[in-house]
Each structure stands twice: as structure tokens, then as C-alpha cells.
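There are 4 protein chains.
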Amino acid sequence: MSDAPAGLTLDDAAAVLAAQPFSVLLGTRLTRFDGTGATLELDLRPEHLQQNGFGHGGILAYLADNALTFAGGTALGPAILTGGLTLDYLRPAPAGATLRADAAVVHHSRRQAVCRCDITAVLADGETATCAAAQGTIVATGGR
Amino acid sequence: MSDAPAGLTLDDAAAVLAAQPFSVLLGTRLTRFDGTGATLELDLRPEHLQQNGFGHGGILAYLADNALTFAGGTALGPAILTGGLTLDYLRPAPAGATLRADAAVVHHSRRQAVCRCDITAVLADGETATCAAAQGTIVATGGR
Amino acid sequence: MSDAPAGLTLDDAAAVLAAQPFSVLLGTRLTRFDGTGATLELDLRPEHLQQNGFGHGGILAYLADNALTFAGGTALGPAILTGGLTLDYLRPAPAGATLRADAAVVHHSRRQAVCRCDITAVLADGETATCAAAQGTIVATGGR
Amino acid sequence: MSDAPAGLTLDDAAAVLAAQPFSVLLGTRLTRFDGTGATLELDLRPEHLQQNGFGHGGILAYLADNALTFAGGTALGPAILTGGLTLDYLRPAPAGATLRADAAVVHHSRRQAVCRCDITAVLADGETATCAAAQGTIVATGGR
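Residue numbers (this note's numbering), protein chains in the order written: chain A, 1 to 144; chain W, 1001 to 1144; chain C, 2001 to 2144; chain L, 3001 to 3144.
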């Protein structure tokens, strides 16, 4: 678990997450930020659900967006923008689960990183289920 | 402004939105649901921002997910799932703006609808700026 | 039908297409390149099909890629790269149809254009059917 | 290298590829089809290039589409359709390279598989470079 190539530590990255009011509102935690990528976790609370009692798709989309961006940050540093992302939903996320978004860099240049993210629901009994798979592009803003 | 082809009214669809705790948390409003698609609006509040003071990308991803799904509902009715979506970010959404997500059906069969969504920031002075463009697939669950 | 904003004419763009050996192999024609976007057409020949006698998905993916790129060129000029694209398949393209890929710019800055493309099959009797819907990002290389 | 879960062998799958006139036109080979996914290879010939002498983006899009679909076939069997795909371009593919598209299943139910694909250029000196990364959804048609 070496530091990320861009020289940021887990603490540096956690400070960025703590500076995102929206992530504070949702209760997101950064549990990994190293040379292999980044992981965000979020406990699905009642206020995160949709009309059928599952995690709202928008919560998964938020998690994918943010985990892809933090993964991009492991390669590109903190001055980045998310260019875009694709998300395929696989399975509804049950109320009460903890969502874990694991993201990694597929390829990067100095200017851009393509990252992938899997979102897993971890249930109370420890069972896991993949709920969504994403791919996105993160762009360095420093040189623009 | 006829009713949507699937026979749902704006009030029907607004009741679905009101039954989404996550949308209630964020303050999302449904302002259009008819034969031409659906529009969601959300006032960007301080708790919706990221670390640089703009609307969090995850808010835009949530809005795209939800507006695409409601647009799919105009064609397919209420028993639907979002299969997946792609979102390209165009411009940061400034704090204080109202975000408007306009979504429409590109094509649909009885089983599936492909929809597109543009997210526009409406500023206090009435100026508008397109912040994101999305495309997604909505699947009918009834016949499965 | 004014010239494209970037100052390229239909003839300029057709010369680019003619300089693409792959497009020559496939028989692609540029039929529109103006301020509203670009259109490519291709007659589905026997060698373009898949195992069930429909146009190969890869032909539609090629057309989407190329039409999105030419649409980006209407805004950004000729020094461009395709950053990425998403394609949703709607309906198989029947053998013998002419495929028409209509692409337009959704939004562009000086550096980047987000474009959308619809692919329509035009049958011998004049009937049309939308076969695929795409969205993609085109990036200007000049300033890099 | 066990057979794919759906019970198809490499020979079965190669026969499908050989029945695709478009893949025969392009010279695509199936070099892997097993429980871990599928690999397609294609030698970039002069007629596969774009105007700057690199492999046309449409060739990479075709390869991604087809490799994702064969990967889906390892899980779902032969009666499948490609629902859609996303492709991020990473690097131009140099003339003369062999393109290798490695695809794997991320998750699947009986009805649907989400797959990912990396396209690598293998140069004459054995050097390799990742040229594109894709994600797509494959749908079983049998039960529809």
C-alpha cells in the first residue's frame, strides 16, 4: 500500500472528501487511496432510497462519479475534472447495505486517466453483490 | 402538453418522485411529464457542492439518472428499471444556480426506451449554461 | 446550409473522408457538413453483415464514431481526436438498407465538443427505422 | 482453459466469427474463448487506417463491439444481442500493429452480461500499448 503515484496520501485525499459538502451530507468515507486506486464507502440510509426501498440509482451514480475521480487523482494529482462516465446497473442495492465503490486506473497519460469502478453492496451478514460497473475519464486541469 | 403515452399524468409521476426519499432529501421537483418527456429541477444548495464550490458531479449524475428514468416512464409506464447511462460533463454548475434536467425519449419499444437528457444551470440573472449531456437506457420490468 | 463554424466546407470534409482508407473500403459517403452537423451514409453490402444477415454492430459503431467526429469537426476544425463514445443499439439493420448517420454538436468549447448521432436504416421502399443512438466527445488537438 | 460456462467451445465460437462476413472482410481471428472471456485479434492493414495513418477509430469500435459480444457469449450462449457499449480511446493504433481485444464478463445473470474489453496494439518489436478501453451490455434473446 504505497502512496499514490501522484504523491498524495490517503490523508490528503480524505481531506478533499471532507471538503465536499455533498459527500459529508451522504456520509461517504474514503477507505483506500494508494497506487492501486481508491475506494469509497457509504452506508445506505433510509434517506438514500428510491420508491421501492432500494438504494436510489443516483446514489450509485454519485459513488461511481466520485470514486472514478479519486482513482484519477491517484495518477494525476488533485487538479482534475471528471470528463464523463458510463454506468451499467447490475442489481438493486438493498436498504441497510454498505455500498463499496472500488475504482482503479486502466491507463493514464499526464493529461488524462481512464478509470473503472465496481460498486458492491455488502450486506449485514457479510454477503456481497455487485450492483453497478462504471468507466470514466478524468482530465488534468493543471496544464490547460 | 398531452399526457404521456403510457397514460401517466404529471401528478402520478410527481407522486413517484415524492416517494423517493433521496429526491426529497435533495429537494428535486418534477416540472414536466408529458408526451415530449420529463423535466426535473433542483436548486443547488450549499450541501450539494464539491470542494471548489461548484455543484458536485454526483448531483448532476443523480439528476441525469432520475430524469432519464422519468422520461422512460412517459413511454413505458411506472414498472421500469434504469439499465445504464452515460454522462458527459460540459461545464461546472455554479453555486446558487437552479439545475434543470430535460429528458426525452429517442426511441422505444414496449420493452425498452433510449432517452437523452441535457442539464442546464439557470443562474439568478436568468442566464443559462448547459452543464452536462446524458444518454441512457430504461427497461420495462413488467414483462420479465 | 451555411458552412460549418470552423470554416470547413463540405468539399474539405469529403476530402478527409476520401483520405480514410477504411471509409473507402466500406463505401462511406459524406452527404452533409454544415452549421448543423454532419451526415454519413453507407449502403449495407453483403460483406458488412453479421452471422444472422443483419448489418454488423461494428459497422454501426464505425459509423457512429466517424459521424460524431465529423460533427465535432464542424465546430473545432480538422485537428481533432475522438475521445470516446457511447452507442446504444435499438434495432438490427436489415441487409440491403442504406445506413444514415446524422450527427450534431450538443455543446462545444474551443477545446472540446460533445456530439450526438442517430443511425437510421433507409429501406428500399423508403421506410426508415432508427437503429442506434450515440453520444461522444471530440477533442481539439491543436492546442495540446 | 476450460470451456466457457455456456458450454460453447472455442471451435463453436470461431465458427460464429467465420459466419460474420464483416469479420472475414477485416481478417479478425478468435484466439481465446473460455471461462475467462474472449480475445479477438486483427492485423492492421493499410485499408484499415484513417487519414493520418493510424488505425481508424471505427476498427477499434468494431473490435470492442465484437469482443464484448463474444465475451457475453461465454456466459449467455449464442443467442445474444449487444445492447450497447462505451469506448474510451487512449492512444492511436500504429499502422502495422496487431490489435488484440481482450474481453471479460464483469457480472451476468441469465438474461444479461456486463463485459469489459481492453484493446492493445502489439507492435512488430513486441512492444504493447493499450489503445482503448470499453464496457458493454450483452442481452440474451432466447427468453424474450
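Glycine is no exception: its CB is placed at the ideal position from the N, C-alpha and C atoms.
Predicted, not measured: the structure shown is a model, and the values here were computed from it.
- With a minimum length of 3 residues, the unbroken runs of beta strand (DSSP E) contained wholly in the segment 88-130 of chain A fall at 98-108 and 112-122.
- Proximity of chain A to C:GLY2072 at the Cβ level (cut-off 9 Å) is not reached, the minimal Cβ distance being about 14 Å.
- Counting along the chain, the unbroken beta strand (DSSP E) around A:ALA38 starts and ends at 37-43.
- Per the C-alpha coordinates, the member of L:GLN3050, L:LEU3090, L:ALA3095 and L:GLY3126 positioned closest to L:ASP3118 is L:LEU3090.
- Looking at the backbone, the Cα of C:ASP2102 and that of A:GLN50 are separated by about 36 Å.
- For W:GLY1083, the CB contacts under 7 Å within the same chain, skipping 5 residues up- and downstream, are THR1137, ILE1138 and VAL1139 in chain order.
- Interface residue (Cβ-Cβ distance to chain C less than 8 Å): A:THR137 is classified as such.
- The segment 2008-2027 of chain C makes no contact with the segment 1118-1136 of chain W: fewer than 3 CB pairs, one atom from each, lie closer than 8 Å.
- Cβ proximity to chain C below 8 Å picks out nothing from the segment 3112-3135 of chain L.
- Contacts with chain L (Cβ-Cβ distance below 7 Å) from the segment 2003-2025 of chain C involve VAL2016, ALA2019, GLN2020, PRO2021, PHE2022 and LEU2025, listed in chain order.
- Contacts with chain C (Cβ-Cβ distance below 7 Å) from the segment 1085-1102 of chain W involve THR1086, ASP1088 and LEU1090, listed in chain order.
- When DSSP states are grouped into helix, strand and coil, A:THR31 belongs to the strand group.
- Counting the other Cβ atoms within 10 Å of the Cβ of A:THR28 gives 16 or more, which makes it buried.
- L:LEU3081 sits in a strand when the DSSP states are folded into three classes.
- A Cβ-Cβ distance of about 13 Å is found for the pair A:CYS115 and A:LEU40, leaving them out of contact under the 8 Å criterion.
- Assigned with DSSP and collapsed to three states, C:LEU2008 falls in coil, not helix or strand.
- Short of 6 Å from the beta carbon of L:PRO3092, and not among the five residues preceding or following it, lie these beta carbons of its own chain, in chain order: PHE3054.
- Nearest CB-CB separation between C:THR2082 and chain L: below the 8 Å threshold.
- Shown here for L:LEU3081: same chain residues with a beta carbon closer than 6 Å to its own, the five before and five after excluded, namely VAL3139 and THR3141 in chain order.
- A:VAL105 is not a Cβ neighbour of A:ALA134, given a cutoff of 8 Å.
- At least one beta carbon of chain A lies nearer than 8 Å to the beta carbon of W:GLU1047.
- Separation of C:ALA2038 and C:LEU2076 (C-alpha to C-alpha, rounded to the nearest whole angstrom) is 13 Å.
- The C-beta distance from L:LEU3063 to L:LEU3099 rounds to 6 Å, short enough to fall under 8 Å.
- In the structure shown, A:ALA64 falls within a helical segment according to DSSP collapsed to helix, strand and coil.
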